[in-house]
Amino acid sequence: MTNQEVRSTTNAAGLTRADYKGAPSTLCQGCGHNGIASQIVAACYELDIVPETVLKFSGIGCSSKSPTYFLSRSFGFNGLHGRMPSLALGAMFADLSLRGIGVSGDGDSASIGLGQFKHLIRRNLPMVYIVENNGVYGLTKGQFSATSEKGLYLKHQGTNPFMPIDLCLEAIASNATFVARSFAGDPKQLKELIKAAFSHRGIAVLDVISPCVTFHNQDDSIHSYTFGREHEEALHEISYIPPREEITIEDFEEGSAREVTLHDGSMIVLKKLAQDYDPTDRFQAIRVLEEAAQNRQLLTGLIYINPNAPTLFDAYHLPETALNRLPAEKLRPTPASLDALNASMA
Ligand SMILES: Cc1ncc(C[n+]2csc(CCOP(=O)(O)OP(=O)(O)O)c2C)c(N)n1
Ligand code: SF4
Ligand SMILES: [Mg+2]
């Protein structure tokens with residue numbers, strides 16, 4: 072290999088793509104979750120993220136096994152079913168300099184973990200939250216989940232009598248500051264959304280339709296590869312531009328692209344497709360999600376963003392030094408301040 076080739080495969084952090092990989096996947100071949108792990112690897116490599124500065128979190132499910140399959144040099148926490156958000160919140164609070172990525176499933180986040188999902192969102196903890204949504208409990212062999220479509224027929228379950236929960240709508244209703252939907256069969260869009268999510272200062276929720284090839288991949292099902300490929304309606308073509316890169320939007324005709332600047336100076340450029348869509352308009356976001364559900368469309372793209380909302384850390388005025396590195400004498404109240412507190416309650 073020539074020096075030129077070596078340089079071209081090394082990013083600004085001095086790492087190659089292989090440095091971002093995880094252990095070989097033990098999931099079924101063709102599982103959408105594998106495709107998402109690959110795009111997380113690609114996005115982190117392209118963002119020059121140092122793996123040792125990343126915390127990975129998950130709950131329980133095939134999806135929650137995913138963090139094993141990317142960034143093996145990062146720290147990983149596998150929590151209880153549906154409890155990934157509180158685990159993440161505690162760990163992230165201890166060291167604000169680290170980045171967090173949580174990977175969950177539709178069972179993990181929309182069923183047992185729905186309360187935790189919504190409460191993490193309303194606190195705006197800065198982290199990436201990916202739901203690998205296959206509309207089924209894969210790990211426990213094919214039960215309906217809370218995102219399964221009404222009327223869905225599954226071999227061991229019969230017909231689903233209940234309306235589904237839309238996680239993007241739930242996220243927006245909980246005041247999420249970044250909400251996107253993507254499809255494991257659309258790696259290009261997914262990678263750009265993951266990069267934008269890592270640059271967002273706040274909670275970045277990505278609901279990714281991720282087919283379960285073993286228990287739920289019938290052609291007419293909204294969570295299948297065939298349906299996604301035939302019915303995906305992208306709101307826009309999305310490009311992520313890192314802060315260090317000069318912005319040359321020559322490809323876009325004037326008025327055909329919308330730009331959103333993120334806190335770190337990076338930019339998301341959204342090229343108009345069928346409709347002019349403003350992802351900062353919360354009411355429009357809710358309307359397009361409702362319409363997509365009614366028309367049985369797989370609507371993808373950046374659905375909502377508020378790049379300037381205060382985060383959980385802003386609310387607590389945390390010090391620059393990570394809490395887990397502060398010495399005990401700084402963390403512990405002084406005897407005088409404790410005496411004053413006790414006296415105030417006497
Ligand atoms: C408290 C608790 N209840 C139930 C289970 C059984 N269980 C394990 S994984 C799972 C569902 C996983 O579904 P999902 O999050 O959609 O992940 P997938 O396997 O589909 O990727 C359930 C119900 C458990 N592990 N813990
Ligand atoms: S059972 Fe389904 S969700 Fe689990 S690894 Fe296999 S294809 Fe993926
Ligand atoms: Mg699932």
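Numbering (this note's numbering), first residue to last: 72 to 417. Think of the CB as a built atom: it goes at the ideal place given N, C-alpha and C, for glycine as much as any other residue.
Reference residue i, options the options, closest by Cα
i       : options                            : result
His-152 : Leu-210, Asp-166, Gly-161          : Leu-210
Leu-238 : Pro-232, Asn-246, Asn-231          : Asn-246
Tyr-208 : Lys-221, Met-198, Gln-228          : Gln-228
Ala-217 : Gly-206, Leu-225, Ser-109, Leu-223 : Gly-206
Thr-382 : Phe-233, Asn-149, Phe-249          : Phe-249
Glu-308 : Val-340, Leu-333, Val-279, Leu-277 : Val-340
Thr-97  : Ala-356, Gly-130, Ser-135          : Ser-135
Leu-277 : Leu-409, Ile-111, Leu-158          : Ile-111
Ser-253 : Asp-290, His-287, Asp-291, Tyr-200 : Tyr-200
Pro-95  : Asn-82, Pro-122, Asp-166, Ser-143  : Ser-143
Thr-81  : Gly-93, Ala-165, Ala-113           : Ala-113
Gln-187 : Val-279, Leu-402, Pro-156          : Pro-156
Ile-183 : Gly-256, Leu-160, Ile-236          : Ile-236
Tyr-296 : Asp-257, Ala-108, Leu-261, His-334 : Asp-257
Asp-335 : Asp-166, Glu-316, Glu-362, Gln-346 : Glu-316
Cβ-heavy atom distance, residue i to ligand 1, below 7 Å
i       : result
Thr-392 : no
Asn-205 : yes
Tyr-208 : yes
Cys-239 : no
Ile-183 : yes
Cys-283 : yes
His-227 : no
Buried or exposed (CB count within 10 angstroms, at least 16 for buried), residue i
i       : result
His-388 : exposed
Val-77  : With a pLDDT of 47 at Val-77, under the threshold of 50, the modelled position of this residue cannot be trusted; read the value that follows with caution. So Val-77 ends up on the exposed side.
Phe-215 : buried
Leu-394 : exposed
Pro-197 : buried
Pro-232 : exposed
Thr-371 : buried
Gln-365 : exposed
Glu-303 : buried
Pro-398 : exposed
Ser-145 : buried
Gly-132 : buried
Leu-409 : exposed
Pro-406 : exposed
beta-carbon residue i near ligand 3 non-hydrogen atom, thresh 7 Å
i       : result
Ser-216 : yes
Ser-145 : no
Ser-180 : no
Gly-176 : yes
Gly-130 : no
Ser-134 : yes
Anticipated Cβ contact below 8 Å, residue i with residue j, distance rounded
i       : j       : result
Gly-171 : Val-202 : Gly-171 to Val-202, Cβ: 15 Å. No contact.
Gly-147 : Lys-127 : 4 Å
Leu-264 : Leu-360 : Rounded, the Cβ-Cβ distance is 16 Å, inconsistent with contact.
Ile-374 : Ser-337 : Not a contact, Cβ separation roughly 19 Å.
Gly-213 : Leu-225 : 6 Å
Ile-376 : Thr-351 : 6 Å
Ser-129 : Gly-150 : 7 Å
Arg-367 : Asp-349 : That pair is no contact at about 24 Å.
Leu-344 : Leu-306 : 7 Å
Cβ-heavy atom distance, residue i to ligand 2, below 7 Å
i       : result
Val-202 : no
Phe-249 : no
His-294 : no
His-104 : yes
Cys-115 : no
Ser-141 : One point to set straight first is that residue 141 is Phe, not Ser, in the sequence displayed. Result no, Cβ not under 7 Å from ligand 2.
Leu-98  : yes
Any non-hydrogen atom of ligand 4 closer than 7 Å to residue i Cβ
i       : result
Leu-160 : Looking for ligand 4 in the displayed structure turns up nothing; the ligands present are ligand 1, ligand 2 and ligand 3.
Chain D contact for residue i (CB, 8 Å cutoff)
i       : result
Asp-335 : Of the protein chains in this structure there is only one, and it is not chain D.
- Task: Take every Cβ of the region 82-101, pair it with every Cβ of the region 192-205, and state whether three or more of those distances are shorter than 8 Å.
- Result: no
- Between the region 111-123 and the region 264-283, do three or more beta carbon pairs fall short of 8 Å? yes
- the region 177-185 contacting the region 138-145, beta-carbon criterion three pairs below 8 Å: no
- Is the region 96-110 in contact with the region 273-290, if contact means three or more CB pairs nearer than 8 Å? yes
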